[in-house]
Amino acid sequence: MASFSIGSRMVGDGYPCFIIAEIGVNHNGDMKIAKKMIDAAADAGVDAAKFQLINADCLYVKDAGVVKTDSGDTIDAYKVWKNVEMPQVWLSELKKHCEKRDVLFFSSVFHIAGVDILNPYVDVYKIASAETSDIPLLKKVARAGKPVIISLGGATLKETVEAVDAVKAEGNDRIALLYCVQKYPMPFASANISALKTLRKRFPDVVVGYSDHSLMPDPAVVPAAAVVYGAKIIEKHFTLSRSMEGIDHKMSVEPKELSRMVQTIRAAEKHGYEIPKEIIGNSRIELTPEQEKNLRFVRRVIFATRDIKPGDIFSASNIATLRPGYRDITEALHPREYETILGKRATCDIPERALIKKGYAK
């Protein structure tokens with residue numbers, strides 16, 4: 075039996091499903107929209123409203139490149155995230171507004187400095203799918219001593235084990251894992267909700283949930299079915315309107331859909347739910363070739379953040395883990411090597427924004 079508290083709420087086995095409205099960056103940089111979204115989410119009956127504390131310079135290298143999204147849009151990866159950075163001065167006001175509406179405020183964190191920035195305002199941290207392998211970030215979050223929710227979109231079972239072990243190694247065992255399929259929106263038949271049973275069996279002391287991006291034919295079906303299959307947390311992207319401009323609106327539910335989803339989940343908890351066979355899946359946690367291709371763009375590796383000369387000591391001031399975009403990362407160091415090379419000396423000239431490769435440290 076796995077459970078823990080988030081603020082005043084208990085989450086996990088023996089407690090109602092914890093439902094998160096993922097506002098993310100759908101506020102479009104407008105505080106008024108952000109507050110309207112909190113109000114609409116509260117009216118829908120969710121437990122929490124989640125945002126994303128984005129710092130583009132700590133997310134992508136500036137020349138990451140252009141990528142085509144699942145919705146068909148073509149975007150410059152660095153620029154699009156630069157445009158949706160949430161001002162830090164918002165945090166206090168958003169938290170107060172959430173408290174006023176009796177919903178929990180928290181945020182995804184994407185960089186090490188963000189952990190301390192968020193700490194006064196959140197009772198739980200969220201790790202996004204692309205950051206699951208960012209071991210330095212996981213360790214920093216774990217040391218904050220608060221629950222950690224980790225999305226697993228694109229993560230193998232081996233990577234999931236490594237992420238859980240990294241958090242536990244810092245003395246933090248309040249962990250939740252959200253099964254997630256990195257398709258936006260997610261095709262109905264890709265849901266694979268039986269993977270929840272795989273996670274529950276492999277991680278009996280961890281709370282298991284589902285981060286859902288499905289819309290058709292009914293955005294409430296997968297969340298309700300996931301709850302029947304053991305999900306104790308449901309996360310769903312949310313927007314005031316899919317007609318709004320922005321990268322995540324098209325794959326998000328609108329207020330009426332969110333409200334009906336919450337009602338469907340609560341009914342499923344009491345009375346069960348008839349599950350469509352096509353969303354059950356094969357229970358395996360594995361990557362498709364398409365997912366592997368997409369992950370190369372977003373899975374972090376170690377970069378130089380300034381020019382490094384031979385003999386310079388590697389430190390947090392000159393290296394960081396970043397999403398590489400279209401770089402060839404074959405020889406790049408994985409984030410798990412970050413702490414290993416700290417304090418070592420560079421063996422060669424390394425220009426700013428260059429990959430840190432094997433043999434560059436001694």
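Note that the working numbering has the sequence shown beginning at 75, numbered continuously upward. Backbone N, C-alpha and C fix where the C-beta goes; we use that ideal spot for every residue, glycine too.
Roughly how many angstroms lie between the CA atoms of I107 and L314, to the nearest whole one? In this structure, the alpha-carbon of I107 lies about 8 Å from that of L314.
Buried or exposed by the 16-neighbour rule on C-beta atoms within 10 Å, applied to P210: Result: buried.
Is the distance from the Cβ of V215 to the Cβ of Y195 below 7 Å? Contact flag unset, no.
Could you tell me the boundaries of the alpha helix (DSSP H) in which A299 lies? Going by DSSP, A299 is part of the alpha helix (DSSP H) stretching over 295 to 302.
Which residue's Cα is closest to the Cα of T206: D423, T421, S391, P409? Comparing alpha-carbon positions, the option among D423, T421, S391, P409 lying closest to T206 turns out to be P409.
Is the beta carbon of F92 closer than 7 Å to that of V33? The displayed coordinates of the chain run from 75 to 436. Any statement about residue 33 would go beyond what the structure contains.
T272 lies in the beta strand (DSSP E); which residues open and close that run? Annotation: T272 is outside any beta strand (DSSP E); the continuous alpha helix (DSSP H) that includes it extends over 269 to 276.
Specify, as a first and last residue, the run of the alpha helix (DSSP H) that A237 falls within. DSSP places A237 inside the alpha helix (DSSP H), whose first and last residues are 231 to 242.
Is G227 closer than 7 Å to G399 when the C-beta atoms are compared? One thing to note: G399 has its Cβ no nearer than 7 Å to the Cβ of G227.
Would you mind reading off the limits of the beta strand (DSSP E) that contains H311? 307 to 311 is the extent of the beta strand (DSSP E) around H311.
M318: which of F78, P90, D104 sits nearest, CA to CA? Looking from the CA of M318, the closest CA among F78, P90, D104 belongs to D104.
Extent of the continuous alpha helix (DSSP H) run through T414: Annotation: the continuous alpha helix (DSSP H) that includes T414 extends over 412 to 415.
Using a beta-carbon distance below 7 Å, is L212 in contact with chain B? Among the protein chains of the structure shown there is no chain B, as only one such chain exists.
In the DSSP output, what is S225 paired with across the bridge? Partner residues in the beta bridge of S225, as assigned by DSSP, are L252.
Per DSSP, T395 is paired with what? In the DSSP assignment, T395 is bridged to I376.
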